[in-house]
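From first to last, the protein sequence lines are chains Y and V. With the first letter of the first sequence counted as 1, position 250 gets the number 250 in the numbering used here; the numbers rise by one all the way through. With the first letter of the second sequence counted as 1, position 254 gets the number 1254 in the numbering used here; the numbers rise by one all the way through. Glycine included, C-beta positions come from ideal geometry on N, C-alpha and C.
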Amino acid sequence: MAEALGMTPLEFYRKVLMTDDMRNPDNDRPITTAAMRKALERAAEVVDFEAKWHEPGTKTLPDGRLHGVGIACMNDRHGGTSSGRGAVIYMNNDGTANFVTGQSNNQHGSNSVTFANIIAETIGITFDDVVCSSYGTADQAPDGGSQAGSRGAISNGSACQAAALDIREQLFTYAAEQLEVGIEDLHARDGKIFVKADPSKSITHAAVMARISRPIIGVGKSYDDVLRKPFQGKEVGERSFHRSGVASAWEVAVDTETGEVEILKHAHIYDIGRVVDPYCAGGQLSASLWSQWAKVFMWNVKHDPQTGAFLSQTHVDNKTPTTMDIDDSVHGGEFLETIDAVGPFGMHGVGEPGCQGTGAPALTMAIYNAIGGDLTKIPRPSTPVEILKLLGKA
Amino acid sequence: MNKITHVNATSVDAAAAELGAGAAVIAGGTDILGTLKGMIYASPPTKLVNLKTISGLDYIREEGGMLKIGALATLAAIYESSVVQSKYPALAEAARKVGTPQLRNMGTIAGNICQQVRCWYYRGEHVDFNCLRKGGPLCYMVPGNNERHSALWGQAGCFAGCPSDCAPVLVALGASIVTNKGTKPVADLFGGLDITLAADEIITEIQIPEPAAGTRMTYLKWAWRKAIDFPEVGVAVVAVVSGGNVSNARIVMSGVDPIPHRSTAAEDAINGKAINDVNATAAGAEAVKGATTLPHNKWKVQIVKTQVKRALLALA
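Shown next as structure tokens:
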């Protein structure tokens, strides 16, 4: 469309993307995360898209290879309906907390890191004092709902936050009596509950628990109505949706003698709201980049044309990239932290959008920008053989 | 699952005595175990004679004006060898480009040159393509999907590409194999549909003559991935470069013929000439003359031309 309109892809996107001040035309609710435009601009900045874009098939590098850049972006909103989720927190006599959740421990981090952080921050104890006792087991944990949709942080994360608020209220009730202030005058951090106006007046969580002299239990749940929160005068938050903006940009060099494509530069910008666990979220981002690269260059199956027999039976031929193919230059990317009004501490969730959205189309656009011709004729995967065919050499 | 007898041989003679109908040798095992696990043979071996238990066959040493490599020397040992790296860098490069570190730690030099083709009709797991190599009536690669693993030159009707990285280098270096029955050029190991070893013949050593003064060499591998994959086009070039001109060039390729494919036409095109883009391109063009392209492998012609050119330019 951009080409037909005589615009660069970036100019086209800038023309059509929504901005923060827009509202959902269906219900007049404010847009809680309009990060696609921000992600796009950042991706363009990283690869210097405006300076490097050219008419397709018109730039040759000094070494004879063809040069190209491509960019793509998307706004993601998926997940939605499912059963409500629950979480239970047990506050122990020593001021530590155990919790159970129906969420599976995705990427070994959603529960042990992200949820534990939500709970620690809400109750005001340290991360080290929160332990996930059990997860994902129907006989011990509350229903965790469907484990899909990239929205664990929104759904089960919100349930954990609600349970932590329940604990916090119970603790503050006792602490307020001890400190002779109102509950609303209190705050908690690093295992200590203190008076906001005078932090020297404080009591530790452990001391409160010792005086209560019995465990206390916090219960939290999340479902559509619970997730709605006021924002700019409107209730926002529609179901347990994952909401994010993603953008990718690639700069490539195409070897016209072998059909091989080298990645010169890339940008993969993913708005996941508050980044609580950078290590695990980074794993999601790298895995999504890997899959986007593989979609463009490798994933394919081969059959015998006469019998239909499956020929690419093993990973010798049903190829998946090795670490030698996708080196450090293709790993990574950046997170954009636009704080969502709905998710706990501004989280959006993380997962599928990075894998399914923009990397592959942006890469295909970069190949098109390099070799020119007909964009619709660029096949997936764009193996060296297919590139050579497009160049009339195979 | 077929029952297989496993015999640990303690000497070459003892191993040879165990060979015969239904028996096969195993050393690194990286090739034959794949054929067994994939159940690609209607009549798989019933006995495996293990050569790894024979001591003293994994050496790499210079002796008598040549490099001698024991048949059980691993590919990892070869590319890590300082003498191989300094005097036979093309062989070091070829060994380094095989498979993965794990495969190179297990795979042996003799196994690498004797391995079976990777043709997806021949290797099809649980799929009965009774091809020429299995005694069947035709090479399914010819009428079938020949985008990968296919050759541009056939042998006895078979169009599966040679999968060895080291074989073309050894042929280009004029290497010989020593077996329990004699010595012959590596090039003569390959014939028709199979290697030319007798049923009870075992490779014990590879002998590579010391390169003449001024010899330069390289091995360029084109594969789908930068690791694991077998060469679709592997180009070994060994030549004397003196005064800027090439002589005694030997250009041998894997992946384009069921056997290591020597292109004397490309050699003739570059011998006596300087290494430059024009002459290298001309040699690349000569290298594909006489090629038989199949419906889906015309792309290999382009890769051969390019890789021969680039290999020659790398000698400059």
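Of the residues the options, the one placed nearest residue i, counting alpha carbons only
i: residue 287/Y; options: 111/Y, 12/Y, 328/Y, 114/Y; result: 328/Y
i: residue 160/Y; options: 373/Y, 345/Y, 385/Y, 299/Y; result: 345/Y
i: residue 1046/V; options: 1006/V, 1257/V, 1255/V, 1172/V; result: 1006/V
i: residue 1151/V; options: 1311/V, 1019/V, 1296/V, 1021/V; result: 1296/V
i: residue 1130/V; options: 1158/V, 1195/V, 1305/V, 1112/V; result: 1158/V
i: residue 53/Y; options: 380/Y, 14/Y, 382/Y, 366/Y; result: 366/Y
i: residue 92/Y; options: 251/Y, 71/Y, 155/Y, 207/Y; result: 207/Y
i: residue 363/Y; options: 248/Y, 169/Y, 230/Y; result: 248/Y
i: residue 369/Y; options: 254/Y, 299/Y, 325/Y, 350/Y; result: 254/Y
i: residue 4/Y; options: 55/Y, 30/Y, 387/Y; result: 55/Y
i: residue 234/Y; options: 245/Y, 27/Y, 258/Y; result: 27/Y
i: residue 1004/V; options: 1049/V, 1227/V, 1161/V; result: 1049/V
i: residue 1053/V; options: 1073/V, 1038/V, 1264/V; result: 1073/V
i: residue 257/Y; options: 99/Y, 111/Y, 389/Y; result: 389/Y
i: residue 396/Y; options: 1/Y, 29/Y, 198/Y; result: For residue 396/Y there is no data in the structure shown, the boundaries of chain Y being 1 and 394.
i: residue 57/Y; options: 200/Y, 252/Y, 36/Y, 282/Y; result: 252/Y
i: residue 89/Y; options: 216/Y, 6/Y, 371/Y, 23/Y; result: 216/Y
i: residue 45/Y; options: 297/Y, 311/Y, 269/Y; result: 269/Y
i: residue 40/Y; options: 63/Y, 271/Y, 171/Y; result: 271/Y
DSSP beta-bridge partners of residue i
i: residue 945/V; result: The question about residue 945/V has no answer, for chain V in this structure spans 1001 to 1316.
i: residue 73/Y; result: 247/Y
i: residue 334/Y; result: 269/Y
i: residue 235/Y; result: 230/Y
i: residue 1205/V; result: 1070/V, 1178/V
i: residue 290/Y; result: BP columns for residue 290/Y are empty, so no partner.
i: residue 1047/V; result: 1005/V, 1023/V
i: residue 90/Y; result: 98/Y, 217/Y
i: residue 1120/V; result: None; residue 1120/V has no bridge partner.
i: residue 1138/V; result: 1131/V
i: residue 132/Y; result: 99/Y
i: residue 1274/V; result: 1245/V
i: residue 1222/V; result: 1233/V
Per-residue contacts from residue i into chain V (C-beta, under 7 angstroms)
i: residue 385/Y; result: 1147, 1299
i: residue 388/Y; result: 1299, 1302
i: residue 322/Y; result: 1225, 1226, 1227, 1228
i: residue 317/Y; result: 1120, 1148
Inter-residue Cα distance where the pair is residue i and residue j
i: residue 1301/V; j: residue 49/Y; result: 36 angstroms
i: residue 1183/V; j: residue 1064/V; result: 15 angstroms
i: residue 96/Y; j: residue 129/Y; result: 5 angstroms
i: residue 1055/V; j: residue 1068/V; result: 16 angstroms
i: residue 1294/V; j: residue 342/Y; result: 60 angstroms
i: residue 47/Y; j: residue 127/Y; result: 38 angstroms
i: residue 1023/V; j: residue 1155/V; result: 25 angstroms
i: residue 1242/V; j: residue 1214/V; result: 6 angstroms
i: residue 21/Y; j: residue 1222/V; result: 53 angstroms
i: residue 1125/V; j: residue 1141/V; result: 16 angstroms
i: residue 61/Y; j: residue 316/Y; result: 33 angstroms
i: residue 1098/V; j: residue 1224/V; result: 13 angstroms
i: residue 969/V; j: residue 1312/V; result: Since the displayed chain V opens at 1001 and closes at 1316, residue 969/V lies outside it and no answer follows.
i: residue 1079/V; j: residue 1091/V; result: 7 angstroms
i: residue 308/Y; j: residue 1144/V; result: 10 angstroms
i: residue 377/Y; j: residue 116/Y; result: 49 angstroms
i: residue 1042/V; j: residue 1231/V; result: 27 angstroms
i: residue 361/Y; j: residue 261/Y; result: 15 angstroms
i: residue 151/Y; j: residue 358/Y; result: 19 angstroms
i: residue 43/Y; j: residue 1089/V; result: 43 angstroms
i: residue 112/Y; j: residue 303/Y; result: 44 angstroms
Cβ-heavy atom distance, residue i to the ligand NAD, below 7 angstroms
i: residue 304/Y; result: With respect to small molecules bound, the structure shown includes none, and the ligand NAD cannot be examined in it.
Chain Y contact residues for residue i, given Cβ-Cβ distances below 8 angstroms
i: residue 1096/V; result: The premise fails here: residue 1096/V is roughly 12 angstroms from chain Y at the closest Cβ pair, so nothing lies under 8 angstroms.
Under 9 angstroms by beta carbon: chain V residues contacting residue i
i: residue 377/Y; result: The contacting residues do not exist; residue 377/Y stays about 16 angstroms from chain V at best.
i: residue 253/Y; result: Ordered by position in chain V, no residue passes the 9 angstroms Cβ test against residue 253/Y, which lies about 16 angstroms from the chain.
Partners in chain Y for residue i, counting only beta-carbon separations shorter than 7 angstroms
i: residue 1144/V; result: 304, 305, 306
i: residue 1306/V; result: 257, 258
Where residue i meets chain V, residues with beta-carbon distance less than 8 angstroms
i: residue 325/Y; result: 1225, 1226, 1227
i: residue 196/Y; result: Result: empty, since nearest Cβ-Cβ is about 59 angstroms, beyond 8 angstroms.
Taking a cut of 7 angstroms between CB atoms, which residues from the region 257-276 of chain Y lie near chain V? Cβ contacts with chain V come from 257, 258.
Can you list, in chain order, the residues of the region 290-306 of chain Y whose Cβ is nearer than 9 angstroms to any Cβ on chain V? Under the 9 angstroms Cβ criterion, the region 290-306 of chain Y contributes 298, 302, 303, 304, 305, 306.
If contact means a Cβ-Cβ distance below 7 angstroms, which residues of the region 22-50 of chain Y contact chain V? Those would be none; no residue qualifies.
Near-chain Y residues of the region 1216-1229 of chain V (beta-carbon distance less than 9 angstroms), N- to C-terminal order: Listed by position along the chain: 1222, 1224, 1225, 1226, 1227, 1228, 1229.
Where the region 94-106 of chain Y meets chain V: residues whose CB sits under 7 angstroms from a CB there: So nothing in the stretch comes that close.
Got a sec: which bits of the region 61-85 of chain Y sit with their beta carbon under 8 angstroms from any beta carbon on chain V, in order along the chain? Listed by position along the chain: nothing, the set is empty.
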